[in-house]
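In my numbering, the protein residues as written are 9 to 221.
Data block below; observations after.
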């Protein structure tokens with residue numbers, strides 16, 4: 009566990025190195041694999057996504073294969089994941105992206121259909137080491153508790169303010185992609201919406217909400 013005043017970045021990266029889940033796209037983080045996983049993981053859990061991810065990647069192993077597919081084929085491969093606009097945006101984006109010219113920065117990723125600020129930050133940090141913090145529901149929950157923030161994180165301005173507050177931490181980290189994934193992993197596995205497991209939390213000792221019970 010971190011001590012009060014110690015680096016959030018170091019505590020999170022050390023913890024992530026020990027406990028990170030062996031997701032297939034983490035073994036070989038190519039732009040296509042990471043982008044596909046991020047789109048699939050929107051509004052869906054890892055456990056639910058995994059079989060669909062493997063099936064989809066088997067049918068469309070490259071962005072070129074996906075770009076050449078008919079929409080009906082893509083929707084059939086997506087069947088069961090729901091939120092079909094994600095699949096349509098995936099196909100639209102595949103037809104825009106040249107295989108040798110993937111976006112590199114969060115700003116460039118934000119121009120891709122279906123990619124919002126969180127996904128853009130995640131992809132640019134993991135694939136290209138850009139120091140842009142992610143803020144999704146998991147990250148907002150972790151730091152709303154850690155710093156005892158009363159903001160409404162369903163609203164974009166609150167998320168933007170939290171991203172600004174997290175920038176000094178991502179500037180201290182060794183690997184920006186690991187830092188961002190650690191924040192998300194912490195919210196998904198430990199600092200859960202109900203019954204957070206504070207005993208396993210690397211930030212527990214400095215957490216304002218935990219101190220206040």
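From the three backbone atoms N, C-alpha and C, an ideal C-beta is built for every residue, glycine too.
This structure is a prediction, so every number in the text was calculated from the model and none was measured.
Would residue i and residue j be called neighbours here (beta carbons separated by less than 8 Å)?
i           : j           : result
residue 147 : residue 195 : yes
residue 167 : residue 143 : yes
residue 63  : residue 85  : yes
residue 215 : residue 139 : no
residue 128 : residue 118 : yes
residue 122 : residue 98  : yes
residue 32  : residue 110 : no
residue 21  : residue 183 : yes
residue 24  : residue 190 : yes
residue 175 : residue 125 : no
residue 15  : residue 180 : yes
residue 157 : residue 46  : no
residue 17  : residue 116 : no
residue 69  : residue 135 : no
residue 159 : residue 173 : no
residue 133 : residue 188 : yes
So what's residue i in DSSP terms, helix, strand or just coil?
i           : result
residue 178 : helix
residue 87  : coil
residue 73  : helix
residue 96  : helix
residue 101 : helix
residue 111 : coil
residue 63  : helix
residue 106 : coil
residue 79  : helix
residue 52  : coil
Go to residue i, then tell me how far its alpha helix (DSSP H) extends in each direction, as first and last residue.
i           : result
residue 16  : 16–27
residue 232 : Since the first residue shown for the chain is 9 and the last is 221, residue 232 is missing from the structure and cannot be characterised.
residue 221 : Careful: residue 221 lies outside any alpha helix (DSSP H) and carries neither H nor E.
residue 47  : 39–49
residue 32  : 32–35
For residue i, is the beta carbon positioned less than 7 Å from some heavy atom of the ligand MN?
i          : result
residue 65 : This structure simply doesn't include the ligand MN, nor any ligand for that matter.
**Report entry** Uninterrupted alpha helix (DSSP H) stretches inside the region 180–218 (no shorter than 4 residues)
**Finding:** Within the region 180–218, the complete alpha helix (DSSP H) runs of at least 4 residues are 184–197.
Query - Unbroken stretches of the alpha helix (DSSP H), 4 residues or longer, contained in the region 124–176 - result: 125–136 and 145–154
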